[in-house]
Amino acid sequence: MHRRRFLAAAVGAGAALASGMMLGRHLFSGELFSGVGARRRKIPGRILGAAASIGHRLRRGTPVLSALSGVPTRTETVSCVVVGGGMAGLSAAWRLRKKGFSKFVLLELDSEVGGNSRSGETEVSAYPWGAHYVPIPNADSFLVRELFEELGVITGHSLEASTRGLPLYNETYLCADPQERLLLHGRWQEGLIPQFGVPESEQRQYRNFLKQMDEFRTARGADGRPAFAIPLEGSSQDSRFRRLDALTMEEYLKEKGWDSPHLRWYVNYCCRDDYGGTLDQVSAWAGIHYFAGRSGRAANAAPQSVLTWPEGNGWLVKRLRERVQEQVRTGSLVYRISRQKSEQKSEGTSGFFVDYLEIGNPEGAQRTVRLIADHVIFAAPRFIARHVIEGFPSERARVSEAFHYAPWMVANVSVDSVPAGHGAPLSWDNVSYQSPSLGYVLSTHQEIVRYSREKSVLTYYLPLSDEAPEAARKSASKKSLEDWQDLVVGDLSRMHPGIESRITRLDVWIWGHGMIRPGRGFIWGKDRKAAAEPWGRLVFAHSDLSGISIFEEAQYWGVRAADQVLAHLPTVPDPEKLKEQGS
């Protein structure tokens, strides 16, 4: 769920460590945590993410949904319905409002919008439940930069000769130092590339790998496009780059002769980090994109720095929701989307009926509502489409079978005093070489006074990549809160002996379909392309259409869908142009 800078500086010498890359294989067998961190007291907490069980009604065809075949209790007419309140849906709504269009409704199943950028808060701090930062956007990520200027994340542009024209970022949002540390040989080191005890032969592979990633970062294809772009649709179609999608990242490393256990651990870590999958589960093109897709620069920050907030990308969710609040309806389970029947209109120009259940009705009653709309932006994960779109062609529905989603477990651990350790100081991102998790981020890291207060929240990330996604989801569903707490406390106790006594609360969120996992052949395969094709006046918008679950991709598809809708509407006055005319 987050991307990190590749730190090339790897120093030190000595005997190589045994590879810990596959420790996650023992996650559910209990071998890894047996006898470690057994809890001696009950820790308050709960398992969240329960809205997923409501959504599963769509797949099981429960009597509740069968009973919804009757006449809705209320009918409304709107121009457009946005289905899904994740980053893509919010971005579509933002674009529509920004262009002066407000005759739409955004429907979200959960009690809050945000998707996997949701966040929470205690009296100690806000914290993320998923995505928690955005790297400085590339120069051609125009939409992200436009939004960041609007939100005050970008405060201006440099006039200095050496950095002229580069954006200036709000210092409050730039990730403060120290940013990253790794626990290795019982000692914390700065950065996430293993350094202690790594022989020169492996360091040479580090340098060769980094050199290749730098070359990919600046490479352009015969079509003049960058080899690896953000948004992904701007990437080169040159076959010398696209061929990488036919390999797994594991196969690519073998092809290059890179067999360093420490390099493999790090690249595997990064694949699990951004895609929820291991080296042998992720496309080489996607794996390389992690390192080569970023080229952002700033006048007041190092290249590829990151922007973050205590609540992670939940900060962006809040700012976007503020701009579209009037259109948002949470607690809305969309159970059927059907085309309006009309002799005067062809299927391609027909509008839609969008039927939903008000599960979040404050009056307590569950009522059904029908929205009559000219356009629909389907901003929910693509695999849901076949369960709710009535009359959807079978060949269109089947393409979602190629979409595989990685499950995750995220825990937020409240502590009455922050952990430290030997070596590098407590950082924003803290990772252990021997852990199957991705470590934890410190929610209070961005606070100016963070070193003068002890209480904090540690956000702990664990992609469930040791099994196939469906099997991992089933395994996760069988675990109790105590099971998850044992796992998390055990792992944190390896990093910080005695930390259990500092824990005051431990909550868990299970993301059954946390993010799209781009397997071999998915990025440039026919199914991904076909899945993005509109169905008449219903257009799709979700980061899974890119195969990469990052903010920029979600925003791209949301804005793209909004523009497709706007193109078919009567001319809407552009507020920005009206401002220019009035000035």
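Each residue of the sequence shown is one higher than the one before, starting from 265 at the first, in the working numbering. Note that the Cβ used here is the ideal one computed from N, Cα and C, for glycine as well.
Proximity below 8 Å, CB of residue i to CB of residue j
| i | j | result |
| --- | --- | --- |
| residue 759 | residue 707 | no |
| residue 422 | residue 563 | yes |
| residue 728 | residue 309 | no |
| residue 405 | residue 787 | no |
| residue 351 | residue 394 | no |
| residue 369 | residue 604 | no |
| residue 817 | residue 495 | yes |
| residue 778 | residue 540 | yes |
| residue 399 | residue 568 | yes |
| residue 757 | residue 445 | no |
| residue 340 | residue 633 | yes |
| residue 765 | residue 726 | no |
| residue 799 | residue 660 | yes |
| residue 335 | residue 640 | no |
| residue 505 | residue 488 | no |
| residue 615 | residue 801 | yes |
| residue 785 | residue 537 | no |
| residue 453 | residue 783 | no |
| residue 674 | residue 598 | no |
| residue 851 | residue 795 | Beyond the ends of the chain as shown, which are 265 and 847, falls residue 851; an answer cannot be given. |
Helix, strand or coil at residue i [DSSP, three-state]
| i | result |
| --- | --- |
| residue 305 | coil |
| residue 651 | helix |
| residue 711 | coil |
| residue 368 | strand |
| residue 384 | strand |
| residue 408 | helix |
| residue 583 | helix |
| residue 294 | Because residue 294 carries a pLDDT of 44, less than 50, the predicted location of this residue cannot be relied on, and the following value inherits that uncertainty. DSSP places residue 294 in coil when its eight states are reduced to three. |
| residue 735 | helix |
| residue 342 | strand |
| residue 718 | coil |
| residue 593 | strand |
| residue 376 | coil |
| residue 352 | helix |
| residue 390 | strand |
Local Cβ density within 10 Å of residue i, reported as buried at 16 or more and exposed below that
| i | result |
| --- | --- |
| residue 589 | exposed |
| residue 338 | exposed |
| residue 462 | buried |
| residue 300 | Low confidence applies here, because residue 300 scores a pLDDT of 43, under 50, leaving its location unreliable; read the following figure in that light. Burial call: exposed. |
| residue 347 | buried |
| residue 619 | buried |
| residue 376 | buried |
| residue 551 | buried |
| residue 521 | exposed |
| residue 771 | buried |
| residue 542 | buried |
| residue 572 | buried |
| residue 622 | buried |
| residue 479 | exposed |
| residue 829 | buried |
| residue 512 | buried |
| residue 586 | exposed |
| residue 665 | exposed |
| residue 793 | exposed |
| residue 298 | Low per-residue confidence applies at residue 298: pLDDT is 44, beneath 50, and the placement is therefore not dependable enough to give any value. |
| residue 353 | buried |
| residue 921 | Residue numbering for the chain in the displayed model covers 265 to 847; residue 921 lies beyond these limits and cannot be assessed. |
| residue 263 | Given a span of 265 to 847 for the chain in the structure shown, any question on residue 263 remains unanswerable. |
| residue 689 | exposed |
| residue 717 | exposed |
| residue 832 | exposed |
Opposing strand residues paired with residue i [DSSP bridges]
| i | result |
| --- | --- |
| residue 431 | 421 |
| residue 824 | Answer is none; residue 824 lacks a bridge partner. |
| residue 833 | Its beta-bridge partners do not exist; DSSP assigns none. |
| residue 602 | 617 |
| residue 725 | 674 |
| residue 397 | 572 |
| residue 438 | 571 |
| residue 347 | 371 and 642 |
| residue 415 | BP columns for residue 415 are empty, so no partner. |
| residue 312 | 773 |
Enumerate, from N- to C-terminal direction, the unbroken alpha helix (DSSP H) stretches of 4 or more residues contained entirely within the stretch 737 to 820.
Complete alpha helix (DSSP H) runs here, min 4: 745 to 759 and 790 to 795.
Can you list the beta strand (DSSP E) stretches of 3 or more residues lying completely in the stretch 509 to 580, in chain order?
Counting only runs of 3 or more, we get 570 to 572.
3 or more residues per run - each beta strand (DSSP E) lying fully within the stretch 441 to 517:
Entirely contained in the stretch 441 to 517, the beta strand (DSSP E) runs reaching 3 residues are, in chain order, 444 to 448 and 451 to 454.
Of all the beta strand (DSSP E) runs that stay within the bounds of the stretch 628 to 707, which reach a length of 3 or more residues?
Segments of the beta strand (DSSP E) lying fully in the stretch 628 to 707: 631 to 642, 669 to 679, 693 to 696 and 704 to 706.
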